[in-house]
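Q: Could you have a look at this structure, given as structure tokens, before my questions?
Protein chains in written order, with the working numbering: chain X, 551 to 826; chain Z, 1071 to 1412.
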């Protein structure tokens, strides 16, 4: 989160991608949420030294990016920004796990490097899955799907409120923060005192806004529930989407396809070298 | 302090999901019975506030670096634990989905570390005791700072345990602990000072808001159940630590956890599942006759042939990965072209 404006711009952009109209966009949000959950759990269930078997899982993000016509560069940039944070703990692995696991020619690779690479690969896969889920579904629909999958109603309503006022409050915070930066001549922070009164003012403003909003909603007959357009149902396309991806994930989980390809290719070259 | 999916195993993620889902469901049920209807919109807007406030940095005195507010404790003080947990959960869901801070599987861990701990362990058991009935002044600040430090010690401790049980990081327990706890002691102190400053600001400006979190009708709003849950969590954590100190053997650790948590039925199929998967993985991918094995080498146990085997396997793995990636990129590009022309 470099600047508040930049972060919110990214946020909005990601949410707006969900306005697309492709076969993936049209699917019921529940199917997409479930497939992404299965995807994440499957990827994460690999062993700590597993590397090659995870690579085919990129099939899912690649397929969704193409089928849903998402900007691949934007998604990749968003993912690339986050991976270092996930890898921060994995980077200690090479220090502590020095047992040699494999040889690449004369170079010995320790288990620590393998598991570190494995963590980075997992991070790339899981983060991509979460980002494309929002990009093809949209936040409101994800919340709705979660509610229909059993999330408690107050949390769902709270999430929708939050999403609605996030932009308003982030704008307020960005204005206040910029005003402070201008007065501080480029210093990013200004100590805890000014921060506290700034945050306090933002808090009171938000609180009063919440009360006004709620009164206005009550005046218009708000009964405590959001009425959402719920046109989509869980039909045959959703079922086949869910089952086919889940099936594919299971196949990829239990067979190491890259290793198989590699063996076939190296065996072919080897045979070519030995036989003539 | 966000945990990423990449560092969580399905077992740990699933257990923490269950724990956090229970806490969220309990809080939701409590709020449904709440007569004060302003709560839910207020929670939404407060979630948005916390989100916005986390984006504003403040400088940390004497270090030249800047930090931002965590806010779990602040919301618990202002909204009460149930509403605060839902607001924090909302913030975490948005962060997981839009900013990839944490992830969907790690969401349970993150809700527990940053929501359940401040709202259900620290707020009722420490803050309320220290602050008393009508908190104000130095006593209020003291209570806030102590609670924030405690929150930011328990949270990272939970992160350490969750990472350790997931088994993806090779960091030894004590090293990881020494890495996390002192850093978070400083962060907790700063968070405490900031939270205390905001709370006193609100107290001066709108003192009546400060009691929104205090249930007015029922003075004892924390039934025995909360205490029992808290002690259960503490017992699980202590069990984990004690067994870790007692033995480095991960099996002993698992044994202790299942004993303390009493979830032997839950763990057992998981272990079988894991070993079964491992076995399957082995038979599927490390068939010895796939590797470069020279027929001349009769003794398969000799180090040279083992090295040759692993070399063959790893070479095959790398070649295969390259080809798979190439195929994926080609396939994607091709599909894109087909879609564009269609």
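Glycine is no exception: its CB is placed at the ideal position from the N, C-alpha and C atoms.
CB residue 1238/Z to CB residue 763/X, shorter than 8 Å?
A: No; because the gap between Cβ atoms is not below 8 Å, this pair is not in contact.
Q: Evaluate contact between the stretch 585-596 of chain X and the stretch 798-816 of chain X, counting only Cβ atoms and requiring at least three cross-stretch pairs below 8 Å.
A: At 8 Å Cβ cutoff, the stretches touch.
Q: Using the three-state DSSP reduction, which class does residue 654/X fall into: helix, strand or coil?
A: DSSP places residue 654/X in strand when its eight states are reduced to three.
Q: Quick one: is the Cβ of residue 1406/Z within less than 7 Å of any heavy atom of the ligand ZN?
A: By its list of ligands, the structure shown contains no ligand whatsoever, and the ligand ZN lies outside what it can speak to.
Q: Beta carbons nearer than 8 Å to chain X: which residues of the stretch 1168-1201 of chain Z have them?
A: For the stretch 1168-1201 of chain Z, which is checked against every Cβ of chain X, the residues closer than 8 Å are 1168, 1169, 1170, 1171, 1173, 1174, 1175.
Q: Around the C-beta of residue 1208/Z, are 16 or more other C-beta atoms found within 10 angstroms, so that it is buried, or is it exposed?
A: It is exposed - the Cβ of residue 1208/Z has fewer than 16 other Cβ atoms within 10 Å.
Q: Evaluate residue 1371/Z with the Cβ neighbour count: other Cβ atoms within 10 Å of its Cβ, from every protein chain shown; 16 or more gives buried, anything less gives exposed.
A: Low confidence applies here, because residue 1371/Z scores a pLDDT of 48, under 50, leaving its location unreliable and the question unanswered by this model.
Q: Could you give the uninterrupted runs of the alpha helix (DSSP H) lying entirely in the stretch 1190-1245 of chain Z, keeping only those of 4 residues or more?
A: Segments of the alpha helix (DSSP H) lying fully in the stretch 1190-1245 of chain Z: 1198-1201, 1207-1236.
Q: Buried or exposed for residue 578/X, going by 16 or more other Cβ atoms inside 10 Å?
A: By the neighbour-count rule (16 or more Cβ atoms within 10 Å), residue 578/X is buried.
Q: On the criterion of 16 or more Cβ atoms from any shown chain inside 10 Å, does residue 1180/Z qualify as buried, or is it exposed?
A: Label assigned to residue 1180/Z: buried.
Q: To the nearest angstrom, how far is it from the Cα of residue 1413/Z to the Cα of residue 1272/Z?
A: Coverage of chain Z is limited to positions 1071 through 1412, which leaves residue 1413/Z absent and any answer about it impossible.
Q: The alpha helix (DSSP H) spanning residue 685/X covers which residue range?
A: Residues 661-687.
Q: If you run the structure through DSSP and keep just helix, strand and coil, what is residue 782/X?
A: Note: residue 782/X maps to coil in three-state DSSP.
Q: Would you say residue 708/X reaches chain Z, if we count a Cβ-Cβ gap shorter than 8 Å as a contact?
A: Yes, residue 708/X counts as interfacial toward chain Z.
Q: By the criterion of Cβ-Cβ separation under 7 Å, what are the contact partners of residue 578/X in chain Z?
A: The premise fails here: residue 578/X is roughly 18 Å from chain Z at the closest Cβ pair, so nothing lies under 7 Å.
Q: Does any C-beta atom of chain Z lie closer than 8 Å to the C-beta of residue 665/X?
A: So, interface residue.
Q: Which whole-angstrom value describes the C-beta separation of residue 678/X and residue 625/X, a residue pair presumed to lie in contact below a C-beta threshold of 8 Å?
A: Yes, they are in contact, since the Cβ atoms of residue 678/X and residue 625/X sit about 7 Å apart, within 8 Å.
Q: Tell me which residues of the stretch 1207-1235 of chain Z have at least one Cβ-Cβ distance to chain X shorter than 8 Å, keeping chain order.
A: Within the stretch 1207-1235 of chain Z, the residues whose Cβ lies closer than 8 Å to some Cβ of chain X are 1233, listed in chain order.
Q: Strictly under 8 Å for the Cβ-Cβ distance: is residue 618/X near chain Z by that measure?
A: Not an interface residue.
Q: Is it right to say residue 633/X is buried, meaning 16 or more other beta carbons lie within 10 angstroms of its own, or is it exposed?
A: Counting Cβ neighbours within 10 Å, residue 633/X comes out buried, since at least 16 surround it.
Q: Could you tell me the distance, in whole angstroms, from the CA atom of residue 1114/Z to the CA atom of residue 1121/Z?
A: Residue 1114/Z and residue 1121/Z: Cα-Cα distance of roughly 11 Å.
Q: Got a sec? Which residues, its chain only, sit under 7 Å from residue 1145/Z by beta carbon, not counting five neighbours each side?
A: Around residue 1145/Z: 1116, 1120, 1154, 1157, 1158.
Q: Mind pulling the chain Z residues with CB within less than 7 Å of residue 606/X?
A: Ordered by position in chain Z, the residues that pass the 7 Å Cβ test against residue 606/X are 1394.
Q: Strictly under 8 Å for the Cβ-Cβ distance: is residue 794/X near chain Z by that measure?
A: Chain Z, which has no Cβ nearer than 8 Å to the Cβ of residue 794/X, makes this no.
Q: In three-state terms, what does DSSP make of residue 595/X?
A: Three-state DSSP puts residue 595/X in coil, outside helix and strand.
Q: Please state if the CB of residue 1213/Z and the CB of residue 1193/Z are separated by a distance shorter than 8 Å.
A: Taking 8 Å as the Cβ cut-off, residue 1193/Z and residue 1213/Z do not qualify as a contacting pair.
Q: Below 7 Å CB to CB, which residues in the same chain sit around residue 792/X once its five sequence neighbours on both sides are set aside?
A: Excluding sequence neighbours, residue 792/X sits near 581, 584, 585.
Q: Just mark residue 773/X as buried or exposed, buried being the case when its beta carbon has 16 or more other beta carbons within 10 Å.
A: Classification of residue 773/X: exposed, given that the 10 Å Cβ count is below 16.
Q: Which residue wins for smallest C-alpha separation from residue 1090/Z, given the options 1183/Z, 1099/Z, 1073/Z?
A: The shortest Cα separation from residue 1090/Z among 1183/Z, 1099/Z, 1073/Z belongs to 1183/Z.
Q: Give me the Cβ distance between residue 1191/Z and residue 1224/Z, rounded to the nearest whole Å; I'm assuming they're in contact under 8 Å.
A: Right, the Cβ-Cβ distance comes to about 7 Å (below 8 Å), so this counts as a contact.
Q: Could you check where the alpha helix (DSSP H) with residue 1188/Z kicks off and where it finishes?
A: Careful: residue 1188/Z lies outside any alpha helix (DSSP H) and carries neither H nor E.
Q: Just to confirm, is the Cβ distance from residue 604/X to residue 717/X under 8 Å?
A: No. Outside cutoff.
Q: Using a C-beta cutoff of 8 Å, does residue 640/X count as contacting chain Z?
A: Yes, residue 640/X counts as interfacial toward chain Z.
Q: Are the CB atoms of residue 1391/Z and residue 808/X nearer to each other than 8 Å?
A: Going by C-beta atoms, residue 1391/Z is nearer than 8 Å to residue 808/X.
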